[in-house]
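Q:
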Amino acid sequence: MLDTIRLRLYGANDIKTGTLSEIQAQNGLPRFAVPEHNELYRKILTKQGKNFTMHLTYNREIDDYEPIAEDEWLLNKNSNTVTKHYQVRDRMKFYEEGKVKDKNKAINGSYSVPSSFSDVTFRINENGGFIDFQVSIPKYLYGHSLAEFIPQTESDLKFEHGINFNSYDFQAKFIYDRLFKFIDKFFTDLCIFFGCESIPNNDYIEICRLDLCYNMYFKSKEEALRVLQEQRKIQMKLKRSSMAIEKSFDTSIWYKNEHGTAYKIYHKGSEYSSSKFGDLRKHLNINKEFIEHYINKNCSPDTKKFYRENQGEIWNYFLAKGKDNHFALTPKDEKRLRAVIADIDEKTPYKIPFLKKEMDKVLRFEISMSNRYFMYLYKRHCFRRNDKIHQESVKRYKQAASVYANSNKKFSDVTRRDRKNYKMMHGFLNRGIALILGDNKTLKRYCTKAGNDYNHVTGEYNISRFEYRYTVLGKHDTVHFSEYFLMQCIKRFKAFVKHYTIQEIEPFDSIMDKIKEYNNNVQANVDSYNEINRFKIVNPGTGEFIRKKNGQKYTRATQLLTRKELMKQGLKTVNATILGSVLTQMYHHKKSLTQVFEDLGTNKSTKSRIKSDLEFFEVYDNSLSVAEPVNMKMTFEKYYWNTSGLQYAKNFYRNIKLKAEDYGKNPFDTQSDYAIA
Numbered sequence: 004m005l006d007t008i009r010l011r012l013y014g015a016n017d018i019k020t021g022t023l024s025e026i027q028a029q030n031g032l033p034r035f036a037v038p039e040h041n042e043l044y045r046k047i048l049t050k051q052g053k054n055f056t057m058h059l060t061y062n063r064e065i066d067d068y069e070p071i072a073e074d075e076w077l078l079n080k081n082s083n084t085v086t087k088h089y090q091v092r093d094r095m096k097f098y099e100e101g102k103v104k105d106k107n108k109a110i111n112g113s114y115s116v117p118s119s120f121s122d123v124t125f126r127i128n129e130n131g132g133f134i135d136f137q138v139s140i141p142k143y144l145y146g147h148s149l150a151e152f153i154p155q156t157e158s159d160l161k162f163e164h165g166i167n168f169n170s171y172d173f174q175a176k177f178i179y180d181r182l183f184k185f186i187d188k189f190f191t192d193l194c195i196f197f198g199c200e201s202i203p204n205n206d207y208i209e210i211c212r213l214d215l216c217y218n219m220y221f222k223s224k225e226e227a228l229r230v231l232q233e234q235r236k237i238q239m240k241l242k243r244s245s246m247a248i249e250k251s252f253d254t255s256i257w258y259k260n261e262h263g264t265a266y267k268i269y270h271k272g273s274e275y276s277s278s279k280f281g282d283l284r285k286h287l288n289i290n291k292e293f294i295e296h297y298i299n300k301n302c303s304p305d306t307k308k309f310y311r312e313n314q315g316e317i318w319n320y321f322l323a324k325g326k327d328n329h330f331a332l333t334p335k336d337e338k339r340l341r342a343v344i345a346d347i348d349e350k351t352p353y354k355i356p357f358l359k360k361e362m363d364k365v366l367r368f369e370i371s372m373s374n375r376y377f378m379y380l381y382k383r384h385c386f387r388r389n390d391k392i393h394q395e396s397v398k399r400y401k402q403a404a405s406v407y408a409n410s411n412k413k414f415s416d417v418t419r420r421d422r423k424n425y426k427m428m429h430g431f432l433n434r435g436i437a438l439i440l441g442d443n444k445t446l447k448r449y450c451t452k453a454g455n456d457y458n459h460v461t462g463e464y465n466i467s468r469f470e471y472r473y474t475v476l477g478k479h480d481t482v483h484f485s486e487y488f489l490m491q492c493i494k495r496f497k498a499f500v501k502h503y504t505i506q507e508i509e510p511f512d513s514i515m516d517k518i519k520e521y522n523n524n525v526q527a528n529v530d531s532y533n534e535i536n537r538f539k540i541v542n543p544g545t546g547e548f549i550r551k552k553n554g555q556k557y558t559r560a561t562q563l564l565t566r567k568e569l570m571k572q573g574l575k576t577v578n579a580t581i582l583g584s585v586l587t588q589m590y591h592h593k594k595s596l597t598q599v600f601e602d603l604g605t606n607k608s609t610k611s612r613i614k615s616d617l618e619f620f621e622v623y624d625n626s627l628s629v630a631e632p633v634n635m636k637m638t639f640e641k642y643y644w645n646t647s648g649l650q651y652a653k654n655f656y657r658n659i660k661l662k663a664e665d666y667g668k669n670p671f672d673t674q675s676d677y678a679i680a
């Protein structure tokens with residue numbers, strides 16, 4: 004349900020000013036606006052080993068290491084004795100009227116705690132006095148985003164409510180409390196890692212980004228990709244002329260609206276294997292280091308020697324499986340290699356072939372929301388939504404706006420009082436906001452009631468800013484990150500998924516898409532197969548190419564295969580034009596395959612080849628008579644069904660104990676009533 008979040012901690016280096024602050028400082032009290040965040044800021048810089056001095060070279064990278072307990076290594080991805088910490092610091096020079104100003108650019112870095120393989124990225128803006136932390140919740144907890152941030156199959160919450168948790172809407176009732184429980188865990192881990200004594204102060208923490216997601220399961224990779232192709236044909240009702248960017252790739256749909264919200268639908272298996280966005284390489288490196296440690300510590304000298312001699316081939320095998328490519332092991336040692344590979348796959352934290360196979364069946368829906376969209380949604384749909392004074396002001400604003408937008412109406416139709424209200428409301432609606440996590444009762448009241456913003460004597464309404472002294476938060480309209488607001492985000496995410504939900508796939512389009520995809524992949528498959536299997540056409544004694552019976556040399560391994568074998572391994576193209584013509588006759592003219600052959604007068608050999616090619620794509624005499632139904636219900640039934648199996652769970656979770664995680668309390672104990680439509 005939730006994926007990436009970005010949290011901004013304000014007051015990292017801001018100092019209180021004024022006489023009272025001076026007196027407090029003299030008495031030993033901290034002068035910093037948010038002491039908890041200043042402590043974290045100093046701890047992060049200390050963790051790097053030393054501060055930086057920059058001259059002409061304004062980019063410097065530092066790797067620092069900190070010892071950790073040996074028994075924690077198995078849960079750490081970097082080394083058996085150290086935790087790696089990484090930071091980059093940049094500076095900028097400004098030359099103006101003979102003066103030179105030197106400013107820090109943002110400090111970028113990442114870290115990972117012993118209980119999680121996933122990196123947390125951070126960014127320190129010393130000029131703004133804040134620190135950003137960005138983390139993917141499922142990856143932080145479970146190591147991969149095939150997992151969802153929901154109570155897992157053996158958790159107390161799941162046991163208590165049973166099949167109700169299959170419902171997306173029912174899950175939504177728990178998500179607000181569960182998110183805050185995760186944030187508490189995240190900050191606890193952070194403080195332990197950096198050695199901080201104080202937990203960050205939620206009253207000075209903004210949520211800057213929130214990604215909502217859902218993994219939709221299909222029967223196979225082919226069905227998932229066919230559905231994605233059908234979704235491309237759907238007229239995008241969400242698309243407007245003011246949409247900033249639209250991108251579509253073979254395995255994804257991506258677009259961004261005028262409020263900066265990114266909408267994505269993509270094939271999870273393809274994303275996993277990609278070099279830019281996927282986790283395959285990362286999982287491979289983690290597994291490799293894990294196995295290195297395991298073999299050094301537990302295996303016999305003979306096993307160590309065999310592994311060292313063949314580790315390149317072993318890990319290339321896993322890489323090929325992660326990319327869904329064919330990989331042929333060396334025939335001489337194939338039996339032992341397969342035994343070693345099976346043993347490695349059993350012991351590694353991430354079961355790469357399993358994850359790839361399961362992700363291939365998934366289309367992932369995702370919305371990435373950030374400040375611009377938060378401003379639009381909160382101010383227009385959440386802020387003081389039940390306050391009569393505020394709603395009356397909004398109504399007058401809209402009436403004035405309609406007059407200004409209509410060229411047939413006179414501006415004089417808007418009264419002086421309404422013009423003043425329009426100017427005030429227009430400024431408010433277009434100012435940025437900061438969504439604060441803290442449970443500040445005064446801030447909550449500010450977000451729900453007009454209060455002192457309404458002058459009962461003059462009848463004027465003027466929305467003030469909630470006061471945040473000493474930090475840059477005072478420059479924003481600060482509002483409370485409420486449960487109602489989160490439900491509004493989820494409601495819009497559901498509408499996005501519903502918009503791209505299809506009921507069935509037309510068989511003609513489905514088969515033509517399959518043929519096109521098959522042909523597009525043939526050349527890459529051929530190149531890969533010939534490279535991997537080159538040894539099959541080379542005489543090991545002489546190093547020369549082996550020859551056919553007629554004396555000609557074999558120059559490619561694919562020459563050793565029959566047509567049927569080539570087709571089965573995706574190594575031979577089919578004639579899409581001929582097959583398309585036959586399919587058109589079958590689908591549009593409602594003819595059987597036999598009738599098409601009779602009409603075309605097809606000879607026996609051509610008929611046999613076409614029939615064989617069509618059967619490869621599962622087309623028979625009456626295959627095109629009925630559309631193929633698709634199940635796209637937005638539930639977690641498949642997720643719970645899969646992870647309830649013991650073997651599946653062992654492959655799915657890096658630690659089987661994660662099967663019982665829930666991260667949340669029962670919302671019915673607190674009478675939560677923010678259900679979504």
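For reference, each letter of the sequence shown is one residue, going 4 to 680 in the working numbering.
Ideal placement from N, C-alpha and C gives every residue a C-beta, glycine not left out.
(1) Please state the DSSP three-state secondary structure of E75.
(2) Taking just the CA atoms, how far does E547 sit from P334?
(3) Considering Cα atoms alone, identify which of I140, P141, G112 and S121 is closest to I127.
(4) With a Cβ-Cβ cutoff of 8 Å, do D6 and P154 count as a contact?
(5) Which residue's Cα is closest to the Cα of F377: R339, L438, R34 and K300?
(6) Can you check whether the CB of N313 is closer than 8 Å to the CB of D346?
(7) Our contact map puts N16 next to G132 with C-beta atoms below 8 Å; I'd like the distance itself, whole angstroms only.
(8) Would N645 and Y651 be called neighbours here (beta carbons separated by less than 8 Å)?
(9) So, using beta-carbon positions, are M635 and G583 closer together than 8 Å?
(10) Give the single residue among V599, T254 and N288 whose Cα lies nearest to the Cα of P352.
(11) Express the C-alpha separation of N522 and S595 in angstroms, rounding to a whole number.
(12) Could you check the C-alpha separation between H502 and H164 for me, to the nearest Å?
(13) Assign Y449 to buried or exposed, taking buried as 16 or more other Cβ atoms, counted over all protein chains shown, within 10 Å of its Cβ.
(14) Starting from L366, trace the alpha helix (DSSP H) in both directions and tell me its first and last residue.
(15) I'd like the list of long-range same chain contacts for V406, defined as Cβ closer than 6 Å, with 5 residues on each side in sequence excluded.
(16) Alpha carbon to alpha carbon, how far is N81 from I186?
(17) For my contact list, L215 and I493 are in at a C-beta cut-off of 8 Å; report their separation, rounded to the angstrom.
(18) Mind the definition here: the segment 545-564 touches the segment 482-490 only if three or more C-beta pairs lie below 8 Å; say whether that holds.
(19) Taking the alpha-carbon positions, what's the I202 to Q137 distance?
(20) Answer yes or no: the CB of G430 versus the heavy atoms of the ligand NAD, is any distance below 7 Å?
(21) Taking 8 Å as the threshold (C-beta atoms), are L144 and E664 in contact?
(22) Take V365 and list the residues in its own chain whose beta-carbon comes closer than 8 Å to its own, dropping the five residues that flank it on each side.
(23) Specify the secondary structure class of V37 as computed by DSSP and reduced to three states.
(24) Output the distance between the C-alpha atoms of R11 and N204, rounded to the nearest integer angstrom.
(25) Tell me the rounded alpha-carbon separation between I8 and S373.
(26) Within 10 Å of its beta-carbon, does Q588 have 16 or more other beta-carbons around it, so buried, or fewer, so exposed?
(27) Just to confirm the assignment, what range does the alpha helix (DSSP H) spanning H591 have?
(28) Shortest alpha-carbon distance to T474 belongs to which of K46, L43, E509 and E129?
(29) Enumerate in chain order the residues of its own chain whose CB-to-CB distance from Y207 is below 6 Å, with the five nearest sequence positions on each side excluded.
(30) Quickly, what does DSSP pair T481 with across the bridge? List them, please.
(31) Does A150 come out as helix, strand or coil in the three-state DSSP assignment?
A: Well, looking at it:
(1) Sequence index remark: in the sequence shown, residue 75 carries index 72 (1-based). Reliability fails at E75, whose pLDDT of 49 lies under 50, so the model's placement of it is uncertain and no value is given.
(2) On the sequence shown, residue 334 is found 331 positions in, with the first residue counted as 1. On the sequence shown, residue 547 is found 544 positions in, with the first residue counted as 1. Distance between the alpha carbons of P334 and E547: 18 Å.
(3) Position 124 of the sequence shown, counted from the first residue, corresponds to residue 127. Comparing Cα-Cα distances from I127 to each of I140, P141, G112 and S121, the minimum goes to G112.
(4) Your numbering for residue 6 matches position 3 in the sequence shown. Your numbering for residue 154 matches position 151 in the sequence shown. Not closer than 8 Å, so no.
(5) As a first step, residue 377 must be located in the sequence shown, where it is residue number 374. Nearest Cα to F377 within the set R339, L438, R34 and K300: L438.
(6) Start at 1 with the first residue of the sequence shown, and residue 346 comes out as number 343. Start at 1 with the first residue of the sequence shown, and residue 313 comes out as number 310. No, Cβ-Cβ distance for D346 and N313 is not below 8 Å.
(7) As a first step, residue 16 must be located in the sequence shown, where it is residue number 13. As a first step, residue 132 must be located in the sequence shown, where it is residue number 129. With a contact defined as Cβ atoms closer than 8 Å, N16 and G132 qualify at about 5 Å.
(8) Reading the sequence shown from its first residue, position 642 is the one you call residue 645. Reading the sequence shown from its first residue, position 648 is the one you call residue 651. Taking C-beta atoms as the reference points, N645 and Y651 count as a pair closer than 8 Å.
(9) The residue labelled residue 635 in the question sits at position 632 within the sequence shown. The residue labelled residue 583 in the question sits at position 580 within the sequence shown. Cβ atoms of M635 and G583: not closer than 8 Å.
(10) Position 349 of the sequence shown, counting from 1, holds the residue named residue 352. The shortest Cα separation from P352 among V599, T254 and N288 belongs to N288.
(11) Numbered from its first residue, the sequence shown carries residue 595 at position 592. Numbered from its first residue, the sequence shown carries residue 522 at position 519. Between the C-alpha atoms of S595 and N522 there is a straight-line separation of about 25 Å.
(12) The sequence position of residue 502 within the sequence shown is 499, counting from 1. The sequence position of residue 164 within the sequence shown is 161, counting from 1. If I take the Cα positions, the gap works out to 29 Å.
(13) Walking along the sequence shown from the start, residue 449 turns up at place 446. Buried, since its Cβ has 16 or more Cβ neighbours within 10 Å.
(14) Translated into the one-based positions of the sequence shown, residue 366 becomes position 363. From DSSP, L366 is part of no alpha helix (DSSP H) but of the beta strand (DSSP E) over V365 to S373.
(15) Locating residue 406 in the sequence shown gives position 403, where the first residue counts as 1. For V406, where only same-chain residues beyond five positions count, the Cβ hits under 6 Å are K412, D416 and V417.
(16) Within the sequence shown, the letter at position 78 stands for residue 81. Within the sequence shown, the letter at position 183 stands for residue 186. Its pLDDT being 42, under 50, N81 is placed unreliably by the model, and the measurement read from it follows with that caveat. A straight line joining the alpha-carbon of N81 with that of I186 spans about 25 Å.
(17) Here residue 215 is taken as the residue at index 212 of the sequence shown, counted from 1. Here residue 493 is taken as the residue at index 490 of the sequence shown, counted from 1. At roughly 6 Å, the Cβ-Cβ gap stays under 8 Å, so L215 and I493 are in contact.
(18) No, because fewer than three Cβ pairs between the segment 545-564 and the segment 482-490 fall closer than 8 Å, the two stretches do not touch.
(19) Stepping through the sequence shown from its first residue, residue 202 is reached at position 199. Stepping through the sequence shown from its first residue, residue 137 is reached at position 134. When only Cα atoms are considered, I202 and Q137 end up about 17 Å apart.
(20) Looking at this structure, you won't find the ligand NAD or any other ligand, since it has none at all.
(21) Residue mapping note: residue 664 aligns to position 661 of the sequence shown, counting from 1. Residue mapping note: residue 144 aligns to position 141 of the sequence shown, counting from 1. Contact flag set, yes.
(22) Taking the sequence shown and counting its residues from 1, one reaches residue 365 at position 362. Taking V365 as the centre and dropping the five residues before and after it, the same chain places the C-beta of L149, N218, M219, Y220, F221, A227, H270, K271 and G272 closer than 8 Å to its C-beta, in chain order.
(23) Working through the sequence shown from its first residue, we reach residue 37 at position 34. Per DSSP, reduced to three states, the secondary structure at V37 is coil, with no helix or strand assignment.
(24) Numbered from its first residue, the sequence shown carries residue 11 at position 8. Numbered from its first residue, the sequence shown carries residue 204 at position 201. Looking at the two C-alpha atoms, the distance is approximately 11 Å.
(25) Residue mapping note: residue 8 aligns to position 5 of the sequence shown, counting from 1. Residue mapping note: residue 373 aligns to position 370 of the sequence shown, counting from 1. C-alpha separation (whole angstroms): 10 Å.
(26) Numbered from 1 along the sequence shown, position 585 holds the residue referred to as residue 588. With 16 or more other Cβ atoms within 10 Å, it is buried.
(27) Looking up residue 591 in the sequence shown gives position 588. A579 to H591 is the extent of the alpha helix (DSSP H) around H591.
(28) Reading the sequence shown from its first residue, position 471 is the one you call residue 474. Among K46, L43, E509 and E129, the Cα nearest to that of T474 belongs to E129.
(29) Walking along the sequence shown from the start, residue 207 turns up at place 204. Answer for Y207: Y13, G14 and V37, listed in chain order.
(30) Here residue 481 refers to the residue found at position 478 when the sequence shown is read from its first residue. T481 is bridged to A437.
(31) Numbered from 1 along the sequence shown, position 147 holds the residue referred to as residue 150. In the structure shown, A150 falls within a coil segment according to DSSP collapsed to helix, strand and coil.
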